[in-house]
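S.K.:
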Amino acid sequence: NELKALYGKVENVEFWVGLIAKDHPTEAIMSAELTKFVANDAFNQALTHPLLSEHVWAAGEETFSKVGWEMVTKVPSIKDMLQRNTGGAPIEGFIGMTNPHYKL
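With this note's numbering applied, the sequence shown corresponds to residues 212 to 315, in that order.
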């Protein structure tokens, strides 16, 4: 209803807004269309990014500095990142990219 109030009709919805707002199956975290975009990016961009090179990671502190390497090698959760970037107030409950209804 909010999209209808903002855009009037479906033809007026911007591409990215429509892609993200598209309904998705209960067992998925995004629509089939958005999943295709994410998969395409992963294989064509993210997985070929220079920072994923074994040579960058082998150098550790030499590449990232001591402080940078400590930050990179920490394993924070999405919840930790949100908490750090929203003033540090404790966030209750689960925050993540998984869907409790997901099925293979």
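Even for Gly, the Cβ is constructed at its ideal location relative to N, Cα and C.
Remember, predicted model here, so these are calculated numbers, not experimental data.
Taking 8 Å as the threshold (C-beta atoms), are L230 and E244 in contact?
M.R.: By 1-based counting over the sequence shown, the position of residue 244 is 33. By 1-based counting over the sequence shown, the position of residue 230 is 19. Against a cut-off of 8 Å, the Cβ pair of L230 and E244 comes out as a contact.
S.K.: In the structure shown, what three-state DSSP assignment does D252 receive?
M.R.: Taking the first residue of the sequence shown as 1, we reach residue 252 at position 41. Reduced to three states, the DSSP call for D252 is helix.
S.K.: Taking only the alpha-carbon atoms, compute the straight-line gap between H312 and I240 and give it to the nearest angstrom.
M.R.: Locating residue 312 in the sequence shown gives position 101, where the first residue counts as 1. Locating residue 240 in the sequence shown gives position 29, where the first residue counts as 1. About 9 Å.
S.K.: Where K277 and V267 are concerned, what is the direct C-alpha to C-alpha distance, given to the nearest angstrom?
M.R.: Reading the sequence shown from its first residue, position 66 is the one you call residue 277. Reading the sequence shown from its first residue, position 56 is the one you call residue 267. Cα to Cα, K277 sits roughly 14 Å from V267.
S.K.: Determine the direct distance from the alpha carbon of W227 to that of E273, and round the result to whole angstroms.
M.R.: Residue numbering aside, residue 273 sits at position 62 when the sequence shown is read from its first letter. Residue numbering aside, residue 227 sits at position 16 when the sequence shown is read from its first letter. Near 39 Å, if we compare the C-alpha coordinates of W227 and E273.
S.K.: Any idea what DSSP makes of V278, helix, strand or coil?
M.R.: Position 67 of the sequence shown holds residue 278. Helix.
S.K.: Under a three-way DSSP split, which group does N291 fall into?
M.R.: The residue labelled residue 291 in the question sits at position 80 within the sequence shown. This sequence places Asp at residue 291; Asn is not what is there. Residue state, collapsed to three classes: helix.
S.K.: Can you give me the Cβ contacts of W280 inside the same chain, cut-off strictly under 6 Å, excluding the 5 residues immediately before and after it?
M.R.: On the sequence shown, residue 280 is found 69 positions in, with the first residue counted as 1. Correct list, in chain order: G271 and E272.
S.K.: What would DSSP say about L222, mapped onto helix, strand or coil?
M.R.: As a position in the sequence shown, residue 222 is number 11, starting the count at 1. Position check: residue 222 holds Glu in this sequence, whereas Leu was assumed. Three-state result, E222: helix.
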